[in-house]
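Inspection log for the structure reproduced underneath, given as structure tokens.
There are 4 protein chains.
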Amino acid sequence: MSQPTLNIALIGYKFMGRAHSQAWATVSKFFDLDAQPVMKVVCGRDGAAVSEFAKRWGWQSSCTDWREVVARNDVDVVDISTPGYTHCDIAVAAAQAGKHVFCEKPLAFTLEEARTMRDAAKSAGVKHMVNFNYRRVPAVALAKQMIDAGEIGEVRHARFTYLQDWLVDPQFPMNWRLRADAAGNGAHGDLGSHAIDLARFLVGDIAEVVGMKKTFIEERPAEGTSSGLTAVAGEGTEKVTVDDASLFLAKFADGAIGSFEATRMAPGRKNYNRFEINGSKGSLAWCFEDLNYLDFYATDDPGRARGFRRIIATEGEHPYAGAWWPPGHMMGYDHTFSNAAADLVQAIAHDKCASPCFGAGAKCVAVLEAVDKSIESGAWAAVESI
Amino acid sequence: MSQPTLNIALIGYKFMGRAHSQAWATVSKFFDLDAQPVMKVVCGRDGAAVSEFAKRWGWQSSCTDWREVVARNDVDVVDISTPGYTHCDIAVAAAQAGKHVFCEKPLAFTLEEARTMRDAAKSAGVKHMVNFNYRRVPAVALAKQMIDAGEIGEVRHARFTYLQDWLVDPQFPMNWRLRADAAGNGAHGDLGSHAIDLARFLVGDIAEVVGMKKTFIEERPAEGTSSGLTAVAGEGTEKVTVDDASLFLAKFADGAIGSFEATRMAPGRKNYNRFEINGSKGSLAWCFEDLNYLDFYATDDPGRARGFRRIIATEGEHPYAGAWWPPGHMMGYDHTFSNAAADLVQAIAHDKCASPCFGAGAKCVAVLEAVDKSIESGAWAAVESI
Amino acid sequence: MSQPTLNIALIGYKFMGRAHSQAWATVSKFFDLDAQPVMKVVCGRDGAAVSEFAKRWGWQSSCTDWREVVARNDVDVVDISTPGYTHCDIAVAAAQAGKHVFCEKPLAFTLEEARTMRDAAKSAGVKHMVNFNYRRVPAVALAKQMIDAGEIGEVRHARFTYLQDWLVDPQFPMNWRLRADAAGNGAHGDLGSHAIDLARFLVGDIAEVVGMKKTFIEERPAEGTSSGLTAVAGEGTEKVTVDDASLFLAKFADGAIGSFEATRMAPGRKNYNRFEINGSKGSLAWCFEDLNYLDFYATDDPGRARGFRRIIATEGEHPYAGAWWPPGHMMGYDHTFSNAAADLVQAIAHDKCASPCFGAGAKCVAVLEAVDKSIESGAWAAVESI
Amino acid sequence: MSQPTLNIALIGYKFMGRAHSQAWATVSKFFDLDAQPVMKVVCGRDGAAVSEFAKRWGWQSSCTDWREVVARNDVDVVDISTPGYTHCDIAVAAAQAGKHVFCEKPLAFTLEEARTMRDAAKSAGVKHMVNFNYRRVPAVALAKQMIDAGEIGEVRHARFTYLQDWLVDPQFPMNWRLRADAAGNGAHGDLGSHAIDLARFLVGDIAEVVGMKKTFIEERPAEGTSSGLTAVAGEGTEKVTVDDASLFLAKFADGAIGSFEATRMAPGRKNYNRFEINGSKGSLAWCFEDLNYLDFYATDDPGRARGFRRIIATEGEHPYAGAWWPPGHMMGYDHTFSNAAADLVQAIAHDKCASPCFGAGAKCVAVLEAVDKSIESGAWAAVESI
């Protein structure tokens, strides 16, 4: 094939590293792409572990120093799937080295960092994209199309909740996600950032917020030796330095109003990333726990037959779905990463902006920060413009 | 008011007697009727009990002999809510005495009885109606309207299941519903008759059937002294002489095909009277456990927004619903009896046929019997015409 | 029967008047009560209309002056189902006349009025109850039992939303519910008061709030001649003086955190009064649009079989349900009013406090007011204690 | 790695070929296997097309003659994903050449062929497995574990329906699935075989059946030039020679009773492969359209809190799920193929029987044939033993 190649370097090889690897291994099988991603190198701090990971997942090589990776001539795209506190340094260096940058969310801990990243990417003229993967669920992308087409009219209400329950057990031990220095925020940054990005994607910019955060369990067993995805407790306890939950109200720039909630303390909710949007002509509702469905209500359906339509977003005419299976052959979590990879490859191949770009990532961080400001002041806070 | 009155006599005062009494007490409050039902007399075998019942439920009088009731000059409508083995005698006597007859389902144990009842009512020129109350759920009546309007095209598939679980516990004691001489059939007659009537209402006549019945628990604790609605066991055991479950396949006269199931042995299904009907242009699905909803799929909805619509059948333009509450103010079990009473009163007031009439009741019995014939022969059996 | 009677006087005969009438006509049929309610008199301003209403619904008499009713010696209970601006005067007069008082919600427009009502009732030593009817849905009452029994542990999260859509159409004309002088608030008072009361019932007192209100359609066609439940537009337009929607965040006194939303602008949501409560050991969720169901998740269920249980709250052992029908025979909107009437009658018969009393009604008003204060200040506001 | 390799040869490269390729490319990344599958060669009739497919999906080579593939020394497993009429020849040749055989469903058109295949595999001492992939949905495998553990007691009722809608449009053109010579059966063999296999997996052997089949649209536009997954009509029409739908009743060997339905004519049902099983102690229900959920009802849950539990089968302790993502990160259609591949690899690596083996595949065909016999005779037919 005369198709150009895109050499990918992955930084990080844990949960997100697996999801990104599966995406890169899969994307060009299902999608007709105009460039061919090549799994060039994966980078992590533990040399033996990252080498084994590379073999297992089909990366051509591995290494332990991201600076070395970023400097390689045979790397086109740097894919950052490490914890948030590392994003800025890697992304800026990668951009400065002329690499396209794909970065996990949230883009950064602080708006300042996020702006630095965006500016670096813009100055370098590389493509930049933050991986808010839920935009790539077919049902969510369909919601965006329908809103843009005016099918629910002018948006008035937006309700976003992202509920999980993995911290309900007080014996669940500490890990990096519970430390402010490594994770920045708790549920607020981890889950809330997804909710904010979806809201910005579907409804628009947020102007003002007022909110609160809460840590229900303030001390947990210390972290033990990690054992794959299973949490193991060590000796003693450690103070939790992030929130378990955040809630806030929002005024959108265009007049819509909304509420947001993120928590890891909702028993039975495993990955309950849900929204409902009400407009002047209809409503849309979606939840990741039923990811293939989009519920749609149209006020102009005939009166006696009006009701929420439960659309199964797996038809050929639905976004992304045509690349996969026949209608009704459901998609799962990892498909969203392949869909994102496809969009990124095509943006690079056609020299177009990728979306959501680092600017969008920064706007999300601005909302997170505005909530923190409102908590300090006990009053509404404006979202800083980017 | 110059509105004519209709004096009602109720025979039977147990579960169905309560439901009918509530209907007669309620119907003229919510509906604008052209005759005024009057709760004249209730009849039961236990004089003290029926007298107390009359006081509690607002019947003007009570008595213990249905023949006396039937003969009364001041009775216009005889409402039969007693077990099935009594229906024929009472209904025929009532018709012959010139009373309109409202009869609980199934109309009779045998097709012969059912025909006798129908003929008696026809000869007498009285109104006759069998109380298949599920026809009067607004969502079901809406389904009928939509099918008649061609909204799902030509019907091809019909699936009817009526599942309950009150006999799962082997210690649940005997009662009349478990004795062939009193109940005729078990789940087949009790629940299957509802399913058959709904199928006939919505899809049309059934031509041929093949089926089976099963009694999973063949012996149960003897019946003790009854205590209201709670079952109490006596000493010893008694043989169950009816089925716990029946299943059959059906060929409808118009070419549609269907399956039916009735059981009292499905743990967790409390009153799971469900149907799904697929036509050439769409589908409809309903279940009593969500009685206010009708699910509707239309193949001619726009492609990307096609999905089952979950219609909440409580709008003013939905059948019966306008008489009750504003949209979204849900209806329950007893509303179906009031809706039936309203239809009966209007049929009498306007001298029109009530529906489902005894002919329809007889056709339902014919299907029940055809299933029994198919069980005897192990082969498909034709449904006798009425 | 030597059972004492309770003579009821109903003030108001529109939507709520019908619901209350149905409750009084029904309650003693299904419930074994220790006093017998008698439908003595109904009162309304239009003499002809209220007289017709009395005949239709079985009230012994009617009249046009509530002061006369309150003064009658043969009235034991004054049932106030008029718009909110009339509540205080009637309730205070009734209490001072020694009548028990049953009052529609919200109790009053202002905390000052609410306190006056509560004090008058307390001084008079009469029973007083505000009709937050959703407490009387069996599934909701079951949730209360389960929370009190510790089945979900310590409550952490409370999410209350009450969504309707009857104002989405900008051509829907004005009525009293859209005028501040008659209704006090819009969605905030009408729907939000229900949400607040349920939250107080299930979770406890609210300490602090921050919120917002919004009127999306600020001018509507003027009100025409009313025609039953159907809205008819007159000539010209009129300014809407209440909110279409309100949202607020809450800190409960015991440490739980919550969010509240009330709107009449959510297409497809007919009576979507929903809550989800997450505790340290489990979760509960309920929505009026599926009123007979309570969803329950228990963290101590066996691991592989953990999941939200969809409880159908119609079993004999569920609150209120035993009085009605066998399991699976669903209940509707009006059953909640009968359940409330049963509780009130029993409270009077046994000389116990009715619940929710006017104190609870006042506490609800205090939360409504605190939200208004927070809107004025743009900051968190403390809920005044009662 | 010292891990042994397993060289895979895939025959067929259309819909099933893609699904199998994705499985082989993915399985050893997520699962810790004791042999390493190698994508050696893919075989199809169109040399250019299969060569392109090989490059895209990562097969080391391609060829056009399955006999050549079967004879290769460097092939360990022959994976047959071609239409049913080719299965027998390929499988027998592969077995005789000493290759393990993985075969798409239904195993064969006739019981005779199926027995030949099973005998050939047994004689050759190779592993053999038929790809009823729905057994590998975690929620279904969980259902099997729970039934085996007695959690729903003795099974009484089994209800299996598999509904699709891709043939509703009469303009949908012919393809091989609508020709008896290529496909054997229509919905009966394609969808019904899945339902039968799940029933045998979960409930046990079927002893007797009675059923019917129906072709609603007997003539369709001729097949045009195929264009990927999109159907294109050619000129003229062609007679449909398979069924659009089949229904049958079943008596299981152990006393349970069941109903089965398969159709491609149910508007709105995209891949509605559903079962509900009722036992003496509980119930289980599942549908592929919500594949990650298993509904479970236990009669011994505490009375007031009894209800169907909606288990999200994505926990580490659920079958297969631990290999993939954290709880709540949903799985889709293609995961079932990877799960099947993992089981097959492990069976080969540990020299254990794979399941479902060709014997199970033959038993499924025996049920399909018994239904056909019952249709000919119009009476119940015994299922032939294998």
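Residue numbers (the numbering used here), protein chains in the order written: chain A, 96 to 481; chain B, 96 to 481; chain C, 96 to 481; chain D, 96 to 481.
Heads up, the beta-carbon is just placed ideally off N, CA and C, and yes, glycines get one too.
Since we're looking at a predicted model, the values are computed, not measured.
Annotated three-state conformation of Asp285(B) is helix, per DSSP. For Leu344(A), the closest C-alpha among the options Ala351(A), Val304(A), Lys308(A) and Lys239(A) is that of Val304(A). Taking C-beta atoms as the reference points, Ala380(C) and His252(A) fail to come closer than 8 angstroms.
Annotation for Met307(A): no alpha helix (DSSP H) segment contains it, though the beta strand (DSSP E) segment containing it runs Ile301 to Lys309.
The Cβ neighbour count for Arg162(B), taken over all protein chains shown within 10 Å, is under 16; the residue is labelled exposed. For Ile407(A), the neighbours in chain D by C-beta distance under 9 angstroms run, in chain order, Gly363, Lys365, Asn366 and Glu384. Closest option to Ser378(C), judged by alpha-carbon separation, among Leu258(A), Val136(A), Lys239(A) and Arg210(A): Leu258(A). For the stretch 422-441 of chain C, the residues whose beta carbon sits under 9 angstroms from a beta carbon of chain B are, in order, Pro422, Gly423, His424, Met425, Met426, Gly427, Tyr428, Asp429 and His430.
For Ala186(B) against Ala215(B), the beta-carbon gap comes to about 7 angstroms, under 8 angstroms, which counts as contact. Taking a beta-carbon distance threshold of 8 angstroms, His252(B) does not count as an interface residue toward chain A.
Residue environment: Asn368(A) is assigned as buried (16 or more neighbouring CB atoms within 10 Å of its CB, all protein chains considered).
As computed with DSSP, Leu258(B) is found in a beta bridge with Thr358(B) and Tyr367(B). Scanning the stretch 228-282 of chain A for uninterrupted beta strand (DSSP E) segments of 3 residues or longer gives 250-258, listed from N- to C-terminal end. Beyond the five residues adjoining it in sequence on each side, Ala238(A) comes within less than 7 angstroms, by CB distance, of Leu297, Leu379, Trp381 and Leu389 in the same chain, given in chain order. With a cutoff of 8 angstroms on beta-carbon distance, Ser354(B) and Ser288(D) are scored as not near each other. Around the CB of His223(D), 16 or more other CB atoms lie within 10 Å, so the residue is classed as buried. Among the residues facing chain A, Ile175(C) is not included, as its CB has no counterpart in that chain under 8 angstroms away. Residue contact with chain B for Lys458(C): absent (no Cβ-Cβ distance below 8 angstroms to any residue of chain B).
Look at the stretch 146-212 of chain A and you find these whole runs of beta strand (DSSP E), each 3 residues long or longer: 156-158, 172-175 and 195-198. For a Cβ distance threshold of 7 angstroms, residue set Gly363 of chain D lies close to Phe403(B), ordered along the chain.
Under the 8 angstroms criterion on CB atoms, Phe370(A) is classed as non-interfacial with respect to chain B. Within chain C, no residue has its CB atom less than 7 angstroms from the CB of Phe227(A), the nearest being about 23 angstroms off. Nearest CB-CB separation between Glu356(A) and chain C: below the 8 angstroms threshold.
With respect to the C-alpha of Val440(D), the residue from Ala144(D), Asp174(D) and Glu147(D) having the closest C-alpha is Asp174(D). Bounds of the alpha helix (DSSP H) holding Asp438(D) are Tyr428 to Ala444. The alpha carbon of Glu313(A) has as its nearest neighbour, out of Pro268(A), Leu342(A) and Ala351(A), the alpha carbon of Pro268(A).
Beta-bridge partners assigned by DSSP to Met111(A): none are found. In terms of beta-carbon proximity, Leu379(A) stays away from the interface with chain B, with every pair separated by 8 angstroms or more. As a beta-bridge residue in DSSP terms, Ile372(A) pairs with Ala253(A) and Leu379(A).
If you draw a straight line from the Cα of Asp292(D) to the Cα of Ile407(C), it comes to about 32 angstroms. By the criterion of a C-beta distance shorter than 8 angstroms, Ile470(A) is surrounded in its chain by Gly306, Met307 and Lys308, once the five residues flanking it on both sides are discounted. The DSSP-derived three-state label of Ile291(D) is helix. Judged by beta-carbon spacing, Gly411(C) lies beyond the 8 angstroms limit of Gly427(B), meaning their Cβ atoms are not closer than that value. In the DSSP assignment, Tyr415(B) is bridged to no other residue.
Note that the C-beta distance between Asn226(D) and Cys183(D) is not below 8 angstroms. Taking the C-beta atoms as reference points, Leu202(D) is found no nearer than 8 angstroms to Val478(D).
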